[in-house]
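> Here you go, one structure.
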Amino acid sequence: MARPRTKEDERREEIISAALQLVLRVGYNQVTLADIADQVGVSKGLISYYFPRKEDVFLAVLDRVVERMDVQFERYCSSTARAPEKLTMFFVNLFGNEKRARRYYTVVIDYMAQAIRQRAVQEYTQRIYDSYRTYMERVISEGIASGEFRKLDPGRCASLLMALMEGLILQWFFDKKGFNLDEAYQTCVDFMEAYLLPPELAVAAKPESGLQPGADALASHLALPPQD
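First residue of the sequence shown? That's 441 in this note's numbering, and the numbers climb one at a time after it.
Right under this line is the structure:
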């Protein structure tokens with residue numbers, strides 16, 4: 441049974457929400473505890489009571505991001521959809537809403553810059569990557585077991601897909617003239633159909649895919665190691 445929320449819990453959540461809004465507005469480096477206090481409408485001393493250092497409140501923001509992400513990804517993985525459809529849910533989550541994508545990556549990029557210098561932020565950033573990889577690997581493994589995906593190394597495939605997705609979203613974030621999010625989404629779908637689906641299913645799903653000719657070469661690189 442969950443512990444009832446107290447007034448302190450509610451105040452703490454209010455501070456975290458205010459910190460997140462400020463990061464989205466002006467960036468991590470520009471935000472101070474005094475700014476957060478002004479946003480919440482309390483004294484700086486009260487903010488320091490809950491979060492003695494600026495780093496503490498922003499680690500709490502990261503914790504919230506990870507928790508929400510885990511809940512969402514678990515919902516994808518637990519759905520009754522087929523494996524390719526589940527994987528597509530990850531693409532929609534990232535590329536399906538321009539405003540949400542910009543807000544999310546404003547925070548992520550800011551924190552990644554801090555991770556270079558702060559060990560605690562590095563650990564949270566690693567948690568985000570681990571979570572993303574674990575859930576995608578789970579879907580890919582499911583697809584391999586059901587025959588919907590080729591017999592490839594699920595971990596390598598998950599890492600490669602993550603690299604593609606993040607590379608596309610970062611390019612879009614800094615240079616929207618290159619392509620739009622619809623094109624980024626379709627690129628990921630094309631990649632999945634060309635490299636993960638078995639040849640007969642890939643042809644049926646995407647006969648004109650420009651990525652298809654390279655599928656066998658990449659599949660060889662990602663294939664499971666031979667069993668003794």
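By construction, the Cβ of each residue, glycine as well, lies at the ideal position given by its N, Cα and C atoms.
By Cβ distance below 6 Å, which residues in the same chain neighbour SER581 in space, the five residues on each side in sequence not counted?
Hits under 6 Å: PRO594.
> Determine the extent of the alpha helix (DSSP H) in which TYR544 is found, giving its start and end residues.
Segment 538 to 555, the alpha helix (DSSP H) holding TYR544.
> Please go through the same chain and pick out, in chain order, the residues whose beta-carbon is closer than 8 Å to the beta-carbon of MET509, but skip the five residues on each side of it.
Hits under 8 Å: ILE568, SER571 and TYR572.
> Pick out the complete alpha helix (DSSP H) segments inside the stretch 457 to 511, 4 residues or longer, and give them in chain order.
Whole alpha helix (DSSP H) segments, 4+ residues: 473 to 480 and 484 to 490.
> In three-state terms, what does DSSP make of LEU608?
Of the three classes helix, strand and coil, the one that applies to LEU608 here is helix, per DSSP.
> Buried or exposed for GLU623, please, with buried defined as at least 16 other CB atoms from any protein chain shown within 10 angstroms of its CB.
Counting Cβ neighbours within 10 Å, GLU623 comes out exposed, since fewer than 16 surround it.
> Check whether the Cβ of ARG508 lies closer than 7 Å to any heavy atom of the ligand MG, and answer yes or no.
Because no ligand of any kind appears in the structure shown, any question about the ligand MG cannot be addressed here.
> Which of helix, strand or coil does DSSP assign to LEU592?
Three-state result, LEU592: strand.
> With DSSP as the reference, label THR627 as helix, strand or coil.
THR627 falls in the helix class under three-state DSSP.
> Does DSSP put ARG452 in a helix, in a strand, or in coil?
Helix at ARG452.
> From GLU606 to GLU454, what does the alpha carbon distance come to, in whole angstroms?
For GLU606 and GLU454, the distance between alpha carbons rounds to 30 Å.
> First and last residue of the alpha helix (DSSP H) that includes MET576?
From DSSP, the alpha helix (DSSP H) with MET576 extends over 559 to 586.
> Go to GLU525, then tell me how far its alpha helix (DSSP H) extends in each direction, as first and last residue.
Element bounds for GLU525: 523 to 535.
> Name the residue from GLU640, MET632 and SER518 whose alpha carbon lies nearest to the alpha carbon of THR528.
Checking every option, the nearest Cα to that of THR528 belongs to MET632.
> Check the C-beta distance from PHE530 over to TYR516 and give it rounded, since I have them as a contact under 8 Å.
About 7 Å separates the two Cβ atoms, so the contact holds.
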